[in-house]
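Numbering (the working numbering), first residue to last: 2 to 118.
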């Protein structure tokens with residue numbers, strides 16, 4: 002039996018603004034750096050990717066690390082706050098942004114789309 006190409010019949014993205022202080026190139030770079038410092042797996046090639054995906058479970062893990070200020074957080078606390086300063090945002094706003102990404106993104110997909118535009 003031969004193989005044939007198929008495509009999704011419906012492919013739709015509806016964007017929502019969820020920046021909570023994450024603006025511009027500085028916010029984009031800071032977010033990527035925070036993902037990297039806490040070893041949050043994602044599909045970005047570098048901090049300049051405009052579109053990439055992060056598994057929801059990874060965002061939940063990041064939320065736990067930052068919210069509970071566990072050992073992993075303590076090891077990176079100074080660097081984390083430097084990135085928050087770069088993005089001109091607070092820890093509270095960053096956590097609120099994570100909550101929005103986790104709860105308001107497509108619940109039928111385990112991957113959360115991150116887009117910068």
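All residues carry an ideal CB built from backbone N, CA and C; glycine is no exception. Just so we're clear, the structure is a prediction, and the values are computed from it rather than from any experiment.
DSSP, read as helix, strand or coil, puts residue 54 in strand. The beta carbons of residue 52 and residue 116 sit about 5 Å from each other, so the pair counts as a contact at 8 Å.
Excluding the 5 residues flanking it on each side, residue 36 has same chain C-beta neighbours closer than 6 Å at 43, in chain order. Using a Cβ distance threshold of 9 Å, residue 67 and residue 39 count as a contacting pair.
For residue 116, the enclosing beta strand (DSSP E) stretches over residues 112-116. Between the alpha carbons of residue 72 and residue 104 lies a distance of about 26 Å. Residue 75 is classed as exposed because its beta carbon has fewer than 16 other beta carbons within 10 Å across all chains shown. Straight-line spacing of the CA atoms in residue 88 and residue 3 works out to 51 Å. Between residue 48 and residue 30, the C-beta gap is smaller than 9 Å, which places the two residues in contact.
Residue 46 counts as exposed, since fewer than 16 other C-beta atoms from the protein chains shown sit within 10 angstroms of its C-beta. Residues 38 and 39 of the same chain have their beta carbon placed closer than 7 Å to that of residue 77, with the five preceding and five following residues left out of the count.
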